[in-house]
Amino acid sequence: MSPPHGAIWYEVQHLKEYADNVVIITCEHTPSVAEGWNAVFQAFPDEAWGVYCARDTAWMPGSLQKLAGHMWRASNDSSIEVALMNWTYPIGGGLYNSFGLTRAAIGRFGLFDENIYPAFFEDNDFQIRQARMQPQMRVQVLPDVIMQHGKRSEQSYRSGVHTSNDPNDEQREKHMSSYWQQRVEISKAYLIRKWGCKDRDFGGCQYQLPFNKSLPVWITGPVGVVARNASGLWCI
């Protein structure tokens with residue numbers, strides 16, 4: 065997903081040594097988290113299910129095969145729409161470092177909000193939206209699909225964005241840390257306004273629809289085609 069340079073690019077290239085039919089999607093600029101999630105689940109629109117995992121995660125032996133079994137069954141009987149993994153330690157806010165969606169779930173739920181940029185709180189938005197769907201999405205943690213986040217020695221969750229990109233350049237790291245913290249505050253404020261939440265932990269969110277239907281809904285597509293529906297103005 066990253067531009068064709070840097071550590072992630074070379075890591076992804078090595079996937080070709082271990083699997084058939086590897087497709088690598090590259091971007092001119094590094095995508096946001098929501099853009100990355102959307103790209104993962106749109107890359108193969110005819111597939112019955114898809115799985116996202118962050119680069120700083122690892123599957124325990126046998127877990128991928130078990131995950132595939134769960135997802136194939138779910139795509140046939142709709143018993144699961146969102147699959148979550150069983151982590152080697154309590155992962156708290158990192159639960160969505162890996163998750164699976166069936167194609168039917170994507171059709172019912174839609175895609176992720178790319179206004180959350182470049183990262184932070186995509187998972188909170190995901191959960192708030194899940195809770196408002198009728199019927200609610202069928203979410204299940206798969207106890208036999210085990211993953212590790214971070215290094216093998218780690219026993220508590222630490223977001224990858226807090227890991228130094230260049231530990232030898234303190235000034236650059238300080239600048240990046242300041243930038244990320246700004247985005248934390250901006251993304252949180254956006255989500256609180258989007259759902260009418262009463263506190264900064266997204267409790268007591270009052271709106272059933274984004275922004276209480278006070279904003280028009282915009283859909284990307286051919287320029288110049290405008291239609292109107294009950295939600296307001298749609299540009300499509």
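Under our numbering, the first residue of the sequence shown is numbered 65, with each subsequent residue one higher. Glycine included, every Cβ here is placed at the ideal spot set by N, Cα and C. Please read all numbers here as calculations on a predicted model, not as lab measurements.
What does the Cβ neighbour count give for K107, buried or exposed, with the cut at 16 atoms within 10 Å?
At residue 107 the sequence reads Ala, which differs from the Lys that was named. By the 10 Å Cβ count, A107 comes out exposed.
According to DSSP, simplified to helix, strand and coil, what is S139?
If DSSP states are grouped into helix, strand and coil, S139 belongs with the helices.
Rounded to the nearest angstrom, what separates G285 and Q219 at their Cα positions?
Caution applies to G285, whose pLDDT of 49 falls short of 50 and renders its modelled position unreliable; the model cannot decide the point.
So which of E111, P95, W123 has the shortest CA-CA distance to R216?
W123
Using only the alpha-carbon positions, how far apart do Q246 and K238 sit?
13 Å
Hey, A183 and V97 are a contact pair by Cβ (cut 8 Å); roughly how many whole angstroms apart?
Confirmed, Cβ separation roughly 4 Å.
Given this structure, state the Cα-to-Cα distance separating V248 from Y254, to the nearest angstrom.
Each residue's Cα considered, the two are about 10 Å apart.
Within its chain, find whatever has a CB closer than 7 Å to the CB of V86; leave out the 5 residues flanking it on each side and keep chain order.
L79, K80
Excluding five sequence neighbours on each side, which residues of the same chain lie with their C-beta closer than 8 Å to the C-beta of V146?
F163, G164, L165, A169, Q194, M201, R202, V203, Q204
Bridge partner(s) assigned by DSSP for I210
N150
When you compare each of N102, P125, Q129 to Y116 by their alpha carbons, which one comes out closest?
N102
Own chain residues within Cβ distance below 6 Å of I144, not counting five before or after:
A138, R202, Q204
If I measure Cβ to Cβ from G157 and keep anything under 6 Å in the same chain, skipping five residues before and after, which residues do I get?
none
Classify W259: buried if its beta carbon has 16 or more other beta carbons within 10 angstroms, exposed otherwise.
Here W259 is buried, its C-beta having at least 16 other C-beta atoms within 10 Å.
Y271 versus W244: straight-line alpha-carbon distance, rounded
When rounded, the distance between both Cα atoms is 28 Å.
Name the DSSP bridge partner or partners of F163?
In the DSSP output, where bridge partners are listed per residue, F163 has Y116, L148.
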